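**Q** Under the numbering used here, the letters of the sequence shown match residues 466 to 842, in that order. If you scroll down you'll find the structure; I have some questions about it.
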Amino acid sequence: MSRKWITPSRVEGDASRQAHADMPSGTYEREISKEGFFGPAAFMHHRRPPTGWVNFEGPLRPRAFNLVELREGDASPWSAPRVLHNRATELRFWKLSSPMPALARNGDGDQLLFIHEGTGDLFCDYGHLDYEPGDDIMMPRGTMWRLAPNSPTSVLMVEATNSHYTLPDKGLLGPHAIFDPAMMDAPKIDDAFRAHQADDGETRVEIKKRGEVSVATYPYNPLDVVGWHGELSPVRLNVRHIRPIMSHRYHVPPSAHTTFLADRFVICTFAPRPFESDPGALKVPFFHNNDDYDEVLFYHAGDFFSRDNIDAGMMTFHPSGFTHGPHPKALKNMLTQTKPATDEYAVMIDTRDPLDIGESIGAVENTDYVNSWRTHD
């Protein structure tokens, strides 16, 4: 049943009538909204930045993790450390430099592999795909697969636990906006796949189900299909093929950059785009209350204009319940930017349910991140 929100819309005091534009001089806008950016909202105009805390203690504090500092472990995705997790998803960061000795199969949900670094080959039930940095590779639940790197590889893994990945409804824009479905590649039964099949020795399949791993051993290579047909398969989409939505007069919300949906979370992709050019339009991410979703950002490449001291391979985690927004350095360019366009690639995961931090991830945490909003630092 659709909700009928209690929405008496009004303007009170000195306020703009348009979100994210024409704010009263010297003020900082803060959005309070329901259901992420899809429900009713109010826009407050503050004299000071809403993130001007001098101290922030407790489990709600914002966190940052430098995932590139994680050590390479076993060449199995199920050995990769969990960074964040809840009942609807788990995020792992996996490093490998040699081919997986076993096949992997996820019985818990669809699996997304975001390739942060490295090139190589993926072999699966359906055939062969090569991979490169910036690739999103979505594997349907139950797919058998293996990575064979040509160079050291780092992968952000996002599981849709007991769920499926789908595409967002693009509404008035139509299905070919942001990225055309024709840009998604499916695996091929090609010469590389047939060469992989020729290695027909004993093969282990590591199957993850309910968080535990079982191993089925075959006396042959079970990736032995000679053909298939249907509309279910892994797909590959590179971030450079995403053409982001933008407006020269309005800073669009993060939800406009949604790439994939699952039942209890969304995945968005931030790609280079022109800055807003209207003099009154906000040109940095707006302050907003994070009340309904936990927000995770993985920084892939480029100049991350809204965050200070953030490098590629880092991940920030903002639990729901507090206001967050751009760092003080970015605020200096709130209405006037020094360059024509953004230069960043990042992946955002917004979860409807609270996330827990992985058991061993504290070793790569930047505990000073909570202080990065201090204006006197």
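C-beta: ideal position from N, C-alpha, C; glycine also. None of the values given here were measured: they were computed from a predicted structure.
1) Can you give me the start and stop residues for the alpha helix (DSSP H) that leucine 796 sits inside?
2) Under 8 Å, with one C-beta from each stretch per pair, do the region 643-658 and the region 689-709 reach the 3-pair mark?
3) Answer with buried or exposed for glutamate 534, where buried requires no fewer than 16 other C-beta atoms within 10 angstroms of its C-beta.
4) For serine 679, count neighbouring Cβ atoms within 10 angstroms of its own Cβ and tell me buried if that reaches 16, exposed if not.
5) Can you have a look at glycine 585 and say buried or exposed, based on whether 16 or more other CB atoms are within 10 angstroms of its CB?
6) Given that a residue counts as buried once 16 or more other Cβ atoms are within 10 Å of its Cβ, and exposed if not, what is tryptophan 838?
7) Would you please state the rounded distance, in angstroms, between the beta carbons of leucine 726 and asparagine 551? I believe it to be under 8 Å.
8) Please classify glycine 583: is it buried, with 16 or more other beta-carbons within 10 angstroms of its beta-carbon, or exposed?
9) Using only alpha-carbon positions, find the residue among Pro633, Asp776, Ala736, Asp833 that is nearest to alanine 806.
10) Out of curiosity, what's the CA-to-CA distance linking aspartate 842 and arginine 513?
11) Buried or exposed: which applies to glutamate 760, given that a residue is buried once 16 or more other Cβ atoms fall within 10 Å of its Cβ?
12) Output needed for alanine 657: all residues of its chain with C-beta closer than 7 Å, excluding positions within five of it in sequence on either side, in chain order.
13) Do you know offhand how far phenylalanine 644's Cα is from isoleucine 707's?
14) Are the region 606-614 and the region 560-574 in contact at 8 Å, needing three or more beta carbon pairs?
15) Let me know the secondary structure DSSP gives tyrosine 834 once reduced to three states.
16) Go ahead and label tyrosine 630 buried or exposed: buried means 16 or more other beta carbons lie within 10 angstroms of its beta carbon, across all protein chains shown.
17) With distances taken from CA atoms, which of Asp573, His722, Val623, Leu578 is nearest proline 633?
18) How would you write the range of the alpha helix (DSSP H) that glutamine 802 sits in, first residue to last?
19) Helix, strand or coil: how does DSSP classify glutamate 534 here?
20) Going by DSSP, what residue range makes up the beta strand (DSSP E) through arginine 659?
21) Can you tell me which of Arg669, Ala642, Val691 puts its alpha carbon nearest to the alpha carbon of alanine 660?
22) So proline 699 and threonine 608 are in contact, right, with Cβ under 8 Å, and what is the actual spacing, rounded?
23) What runs of the beta strand (DSSP E), each 3 residues or longer, lie entirely inside the region 590-652?
24) Alpha carbon to alpha carbon, how far is alanine 663 from proline 750? Give it in angstroms, no decimals.
25) From which residue to which residue does the beta strand (DSSP E) around glutamate 809 run?
26) Give every residue of the same chain whose Cβ lies closer than 8 Å to the Cβ of alanine 506, excluding the five residues on either side of it in the sequence, and list them in chain order.
27) Excluding the five sequence neighbours on either side, which residues of its own chain have a C-beta within less than 6 Å of the C-beta of serine 481, listed in chain order?
28) Considering only residues of the same chain and omitting the five flanking positions on each side of glutamine 802, which have a CB-CB separation below 6 Å?
29) In whole angstroms, what separates the C-alpha of glycine 786 from that of histidine 694?
30) Measuring from the CB of phenylalanine 502, is there a heavy atom of the ligand ADP at a distance below 7 Å?
31) DSSP beta-bridge partners for valine 700?
32) Given a cut-off of 8 Å on the beta-carbon distance, is the pair proline 719 and phenylalanine 502 in contact?
33) Using only alpha-carbon positions, find the residue among Met799, Asp776, Asn755 that is nearest to aspartate 743.
34) Does DSSP classify histidine 485 as helix, strand or coil?
35) Do you know whose CA, among Ala746, Thr626, Val731, lies nearest tyrosine 715's CA?
36) Here's a check: name, in chain order, each residue in its chain whose Cβ is nearer than 7 Å to the Cβ of phenylalanine 730, leaving out the five neighbours to either side.
**A** With the given structure in hand:
1) Within the sequence shown, numbered from 1, the residue matching residue 796 stands at position 331. It spans 793-796 - the alpha helix (DSSP H) in which leucine 796 sits, taken as one unbroken run.
2) yes
3) Along the sequence shown, one-based indexing puts residue 534 at 69. Exposed: under 16 other Cβ atoms inside 10 Å.
4) In the sequence shown, residue 679 corresponds to position 214, counting from 1. When all chains shown are included, serine 679 counts as exposed.
5) In the sequence shown, counting from the first residue as 1, residue 585 sits at position 120. Per the 10 Å Cβ criterion, buried.
6) The count along the sequence shown starts at 1 and reaches residue 838 at position 373. So tryptophan 838 ends up on the buried side.
7) Here residue 726 corresponds to residue number 261 of the sequence shown, with the count starting at 1. Here residue 551 corresponds to residue number 86 of the sequence shown, with the count starting at 1. Between asparagine 551 and leucine 726 the Cβ distance is about 16 Å, and since that is not below 8 Å, they are no contact.
8) One-based indexing of the sequence shown puts residue 583 at position 118. Its Cβ being crowded by 16 or more others within 10 Å, glycine 583 is buried.
9) Position 341 of the sequence shown, counted from the first residue, corresponds to residue 806. The residue with the shortest Cα to Cα distance from alanine 806 is Ala736.
10) For the purposes of this step, residue 842 is identified with residue 377 of the sequence shown, where counting begins at 1. For the purposes of this step, residue 513 is identified with residue 48 of the sequence shown, where counting begins at 1. Confidence at aspartate 842 is low in this model, with a pLDDT of 42, below 50, so its placement is unreliable and no value can be given for it.
11) Residue 760 sits at position 295 when you count from the first residue of the sequence shown. Label assigned to glutamate 760: buried.
12) Along the sequence shown, one-based indexing puts residue 657 at 192. Here the set comprises Asp586, His593.
13) Reading the sequence shown from its first residue, position 179 is the one you call residue 644. Reading the sequence shown from its first residue, position 242 is the one you call residue 707. If I take the Cα positions, the gap works out to 5 Å.
14) yes
15) Against the sequence shown, residue 834 aligns to sequence position 369. Looking at tyrosine 834 - three-state DSSP - the assignment turns out to be helix.
16) Here the question's residue 630 lines up with position 165 in the sequence shown. Classification of tyrosine 630: buried, given that the 10 Å Cβ count is 16 or more.
17) For the purposes of this step, residue 633 is identified with residue 168 of the sequence shown, where counting begins at 1. Per the Cα distances, His722.
18) For the purposes of this step, residue 802 is taken as residue 337 along the sequence shown, with counting starting at 1. Looking at the DSSP string, glutamine 802 is not in any alpha helix (DSSP H), and its letter there is neither H nor E.
19) Indexing the sequence shown from 1 puts residue 534 at position 69. Helix at glutamate 534.
20) For the purposes of this step, residue 659 is identified with residue 194 of the sequence shown, where counting begins at 1. No beta strand (DSSP E) holds arginine 659; the alpha helix (DSSP H) holding it covers 656-663.
21) The sequence position of residue 660 within the sequence shown is 195, counting from 1. Comparing Cα-Cα distances from alanine 660 to each of Arg669, Ala642, Val691, the minimum goes to Val691.
22) One-based indexing of the sequence shown puts residue 699 at position 234. One-based indexing of the sequence shown puts residue 608 at position 143. The Cβ separation is near 6 Å, so the contact holds.
23) 592-596, 600-604, 609-614, 618-626
24) Numbered from 1 along the sequence shown, position 285 holds the residue referred to as residue 750. Numbered from 1 along the sequence shown, position 198 holds the residue referred to as residue 663. Using only the alpha carbons, I get a separation of about 52 Å.
25) As a working note, residue 809 is residue 344 in the sequence shown. Start and end: 808-816.
26) Numbered from its first residue, the sequence shown carries residue 506 at position 41. Correct list, in chain order: Ala484, Glu496, Ile497, Ser498, Lys499.
27) Reading the sequence shown from its first residue, position 16 is the one you call residue 481. Once the five neighbours on either side are set aside, the close Cβ partners of serine 481 are Asp487, Met488.
28) Position 337 of the sequence shown holds residue 802. For glutamine 802, where only same-chain residues beyond five positions count, the Cβ hits under 6 Å are Phe740, Lys748.
29) Against the sequence shown, residue 786 aligns to sequence position 321. Against the sequence shown, residue 694 aligns to sequence position 229. Computed Cα separation, rounded: 47 Å.
30) Judged by which ligands are present, the structure shown has none, so any question about the ligand ADP falls away.
31) Counting from 1 along the sequence shown, the entry for residue 700 is found at position 235. Its beta-bridge partners are Met603.
32) Numbered from its first residue, the sequence shown carries residue 719 at position 254. Numbered from its first residue, the sequence shown carries residue 502 at position 37. Contact flag set, yes.
33) Numbered from its first residue, the sequence shown carries residue 743 at position 278. The shortest C-alpha separation from aspartate 743 is found at Met799.
34) Reading the sequence shown from its first residue, position 20 is the one you call residue 485. In the structure shown, histidine 485 sits in coil (DSSP, three-state: anything other than H, G, I, E or B).
35) In the sequence shown, the residue the question calls residue 715 occupies position 250. The candidate whose alpha carbon is nearest that of tyrosine 715 is Ala746.
36) Taking the first residue of the sequence shown as position 1, residue 730 is located at position 265. Excluding positions up to five away in sequence, the list reads Ala553, Thr554, Ile814, Asp815, Thr816, Arg817.
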